[in-house]
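Here is the structure we will look at, set down as structure tokens.
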Amino acid sequence: MSVSVENLSVAYRSHRGDVTAVDGVSFALADGEIMGLAGESGSGKSTLGNALIYLDPRMKATGGTVTVDGRALPISDTRAMRPLRMTEVSLVPQYAMSALTPTRKIGKLITDLLRSHHVPDRQTVMTELKRRLELIGLREDVLDKYSFELSGGMRQRVTIIMSTLLNPSLLIADEVTSALDVSSQRAVGEMLLEFRDRGYIKSAITITHDLSILAQIADSIAIMYAGRLAERAATETIVNEPLHPYTQALIASLPEVGVRHDQVTLTGIPGRPPSLVNPPAGCRFRDRCPFAFDKCTQTPPFEEIKPGHSVACWKVSDSHAAVAGRAGQEQTV
Amino acid sequence: MSTLIKVDQVSKLYRATSRAGGFTPALRKVSFELPPGEVISLIGESGSGKTTIGKILLRLAQPTSGTVTFGGKDITKYSQRGLREYYRHVQGVFQDPFSSYNPIYRADRVFELVRGSYFSGIKDKEWHAKIEAALDAVAINPGDVLGKYPHQLSGGQQQRLLIARALLLDVKVLVADEIISMLDASTRVDVLNLLVDLKRKGLAILFITHDLSLGNYVSDRTIILRHGAIVEMGATDKIFGNPQHDYTRMLLSAVPELHKKWQHSPLGPVAVASNGHVAVAEKIDTGPNGPVASALAQASMLDEVTHAEQVVKRDLRAVFGGTRAVASGRSQVSVALEPPPLREFEPDHLVADPE
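Those sequence lines, one after another, are chains Z and E. Mind the numbering: the first sequence is residues 81 to 413 in my numbering, read in order. Mind the numbering: the second sequence is residues 278 to 632 in my numbering, read in order.
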């Protein structure tokens with residue numbers, strides 16, 4: 081396993097006490113795996129991504145460990161993290177379109193970046209940079225341009241190039257396709273795949289609220305709800321046989337091309353996620369869930385019910401336990 | 278059905294920001310009609326001019342040439358008072374609900390503003406009944422939103438509140454500019470279904486979006502815009518079921534779908550460029566690297582298309598040539614800036630010639 085996150089909790093300090101935005105999240109990524117992390121706004125998906133690279137002063141890790149390539153990642157220690165950023169873990173920030181400073185040319189920005197990371201052989205890296213620019217269909221002269229001279233899609237591609245220049249093990253891509261047109265979305269999505277295939281990045285976490293983009297590029301999908309993981313499985317499983325009621329509702333609310341309102345009436349999910357300041361005990365989706373029953377007042381465990389398919393839902397684990405129990409009885413008989 | 282809004286040969290030029298000067302055409306002779314009880318979705322990439330059309334309908338921008346009529350009257354000629362009457366019937370809702378409100382006032386202040394300018398004589402009781410009816414129409418429980426500050430409401434509630442505000446007036450046309458792109462998937466559909474409901478009650482809606490699947494879901498008719506000109510227009514099922522223009526096909530091929538992976542061939546936009554590219558694509562597809570190389574080819578071809586589009590844009594600027602002559606005429610410019618002609622492919626389905 082190249083990346084493993086165990087029981088990670090991240091809280092924001094606030095006047096009304098700590099707000100636990102990420103609450104006991106565990107998952108592992110294989111080499112070459114692109115994991116999609118999806119959820120509503122406020123579900124803690126960006127907090128999780130940011131925690132893996134930079135905890136800003138408002139945030140603190142309240143528990144858990146992160147391991148990348150067998151080495152523990154000192155996420156609480158900003159100073160110790162510094163040499164690991166860009167080389168081990170790298171981030172394409174949300175709003176990457178406005179992440180480039182308008183006062184520096186792209187080329188200058190990149191050399192500054194390399195200098196501040198004490199990269200010894202900058203010339204080789206710059207040659208590699210030009211090769212990669214050519215690969216994604218940008219001409220070398222973008223290095224002589226300011227960021228505002230590039231289109232949105234080009235800027236997004238430049239930020240991804242910069243983030244992956246030192247071949248990080250883990251790339252966190254936060255909403256990289258959200259602000260783009262469909263054609264640029266596609267180009268950026270395929271660029272991520274290409275970079276993974278060429279080994280520029282070992283594995284990646286793609287954070288988005290758009291499940292249909294994940295269906296295109298991710299190998300597996302994790303669904304987050306109110307700070308906790310609700311379901312995690314291979315992309316095909318999540319899309320075709322989701323088990324958690326929240327995932328099911330989320331997928332049912334997506335209109336597909338070719339679906340008209342007079343043929344199918346889609347439904348949203350009533351209500352809104354609970355506040356994380358004083359989250360309710362038990363399953364946090366309970367109030368919006370059509371299948372909620374008494375047991376849901378206890379917190380459901382996030383357990384693996386099939387190989388590679390984990391769900392946090394009493395309904396699912398109960399019915400699965402029943403099936404497994406029957407199978408066990410048959411064997412003993 | 279009578280035509281409510283008629284957009285006739287509307288062009289809009291924006292002054293270019295570069296030092297070289299010149300004009301960027303945002304709209305090129307766009308014509309369409311919006312009858313009551315119909316949703317038209319206006320689809321295009323960024324820079325295609327879709328928001329400019331919305332702005333012109335809301336009188337936030339003036340067309341450089343061409344006319345827009347509402348019930349037979351030219352809307353560009355309205356004076357102050359006429360404009361107020363116009364806004365009684367035509368309202369807009371915009372992309373970012375979080376910035377549509379003033380954060381230091383309660384959200385229902387948007388209703389009070391309407392009362393101040395349109396219903397100054399009304400009694401409190403009548404007014405509250407009106408608000409309740411409007412909130413009911415957008416399926417919001419008044420207790421959930423009245424007296425709350427914007428940050429206490431969800432994005433979906435905020436957008437619905439703005440639609441309710443429009444419904445307080447005798448609104449006949451709603452310009453919905455990307456109203457759901459900032460909402461979560463779980464609340465998006467509710468707002469879409471609300472639009473469908475309002476449409477059934479006779480409201481005409483111009484639904485501006487870059488998301489093809491959302492546009493397809495709500496609309497009766499679709500207009501695809503590119504560089505300010507209509508490339509394809511007609512009944513939604515005909516456009517999505519049988520797209521004729523290469524640009525429409527390219528857009529459709531790039532839409533991410535849940536149950537279908539992106540296809541790598543055949544490529545729509547390549548036909549636009551030249552024959553040579555098609556040959557290249559085929560070679561790569563059958564090559565030893567298989568899907569990887571073809572993914573790359575696809576990505577760079579999309580880029581090539583965008584590059585080609587930039588060239589087109591620059592050429593258009595050249596058409597204007599002597600920019601000064603244009604500048605002196607200010608609004609009444611009738612520059613020969615011909616968009617590709619539209620031809621009827623089948624009834625209610627117009628396709629532009631390739632550009």
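Built from N, CA and C at the ideal position, the CB exists for glycine as well.
Chain E has a Cβ within less than 9 Å of the Cβ of V319 of chain Z. Taking a C-beta distance under 9 Å as the contact criterion, M166 of chain Z and V90 of chain Z do not qualify as a contact pair. Taking 7 Å as the cut-off between beta carbons, the residues of the region 117–137 of chain Z near chain E are E120, S121, in sequence order. Look at the beta carbons and you see the region 374–385 of chain E not touching the region 346–361 of chain E: under three pairs across the two are nearer than 8 Å.
The alpha-carbon separation between V256 of chain Z and V532 of chain E amounts to approximately 16 Å. Of all residues in the region 379–409 of chain Z, none has a C-beta nearer than 8 Å to a C-beta of chain E.
If you draw a straight line from the Cα of L109 of chain Z to the Cα of A332 of chain Z, it is about 27 Å long.
A Cβ-Cβ distance of about 4 Å is found for the pair E322 of chain E and D261 of chain Z, placing them in contact under the 8 Å criterion. In the three-state scheme derived from DSSP, where H, G and I count as helix and E and B as strand, M139 of chain Z is classed as strand. P335 of chain Z places its beta carbon 9 Å or farther from that of N418 of chain E. Under the Cβ criterion (8 Å, minimum of three pairs), the region 503–523 of chain E does not count as touching the region 475–486 of chain E.
Interface residue (Cβ-Cβ distance to chain E less than 9 Å): R312 of chain Z is not classified as such.
The beta carbon of D398 of chain Z lies closer than 8 Å to those of K375 in the same chain, with the five residues before and after it left out. Counting other Cβ atoms within 10 Å of its Cβ, Y364 of chain E reaches 16 or more and is therefore classed as buried.
Closest option to K538 of chain E, judged by alpha-carbon separation, among Z:R266, Z:M206, Z:M234, Z:D367: Z:R266.
Ranking E:V370, E:L445, E:R620 by CA distance to the CA of T486 of chain E puts E:V370 first. Bridge pairing for R211 of chain Z: absent [DSSP]. When C-alpha distances from H95 of chain Z are compared across Z:V357, Z:F371, Z:E384, Z:F373, the shortest belongs to Z:V357. For K538 of chain E, the residues of chain Z that pass the 9 Å Cβ criterion are A295, Q296, in the order they occur in the chain.
P322 of chain Z is classed as buried because its beta carbon has at least 16 other beta carbons within 10 Å across all chains shown. The region 341–356 of chain Z makes contact with the region 462–471 of chain E; the number of CB pairs closer than 8 Å reaches 3 or more.
For N493 of chain E, the nearest CB of chain Z lies under 9 Å from its own CB, placing it at the interface with that chain.
In chain order, G433 place their CB closer than 7 Å to the CB of D467 of chain E, counting only its own chain and leaving out the 5 sequence neighbours on each side. For L489 of chain E, the C-beta contacts it makes with chain Z under 9 Å involve V262, V337, in order along the chain. Contact annotation: in the region 224–255 of chain Z, residues whose CB is within less than 9 Å of a CB in chain E are S231, G232, G233, M234, R237. In this structure, the straight-line span from the alpha carbon of I456 of chain E to that of T328 of chain E is close to 12 Å. Contact of M527 of chain E with chain Z by beta-carbon distance below 8 Å involves S263.
Look at K476 of chain E here: in three-state DSSP terms it is helix.
Legend: CB atoms of the region 339–359 of chain Z lying less than 7 Å from CB atoms of chain E belong to residues V339, R340, H341, T345, L346, T347, G348, I349, R352. Beta bridge pairing from DSSP links S288 of chain E with E:S342. Leaving aside the five residues that flank I318 of chain Z on each side, the residues in its chain whose CB is nearer than 6 Å to its CB run, in chain order, I301. Per DSSP, reduced to three states, the secondary structure at V415 of chain E is coil, with no helix or strand assignment. Between I501 of chain E and the set E:L319, E:L281, E:L334, E:R620, the nearest pair of CA atoms involves E:L319. In the same chain as E316 of chain Z, and ignoring 5 residues on each side of it, no C-beta atom comes closer than 6 Å to its own. Between V628 of chain E and the set E:I333, E:T525, E:T301, E:L444, the nearest pair of CA atoms involves E:T525. Annotated three-state conformation of D523 of chain E is helix, per DSSP.
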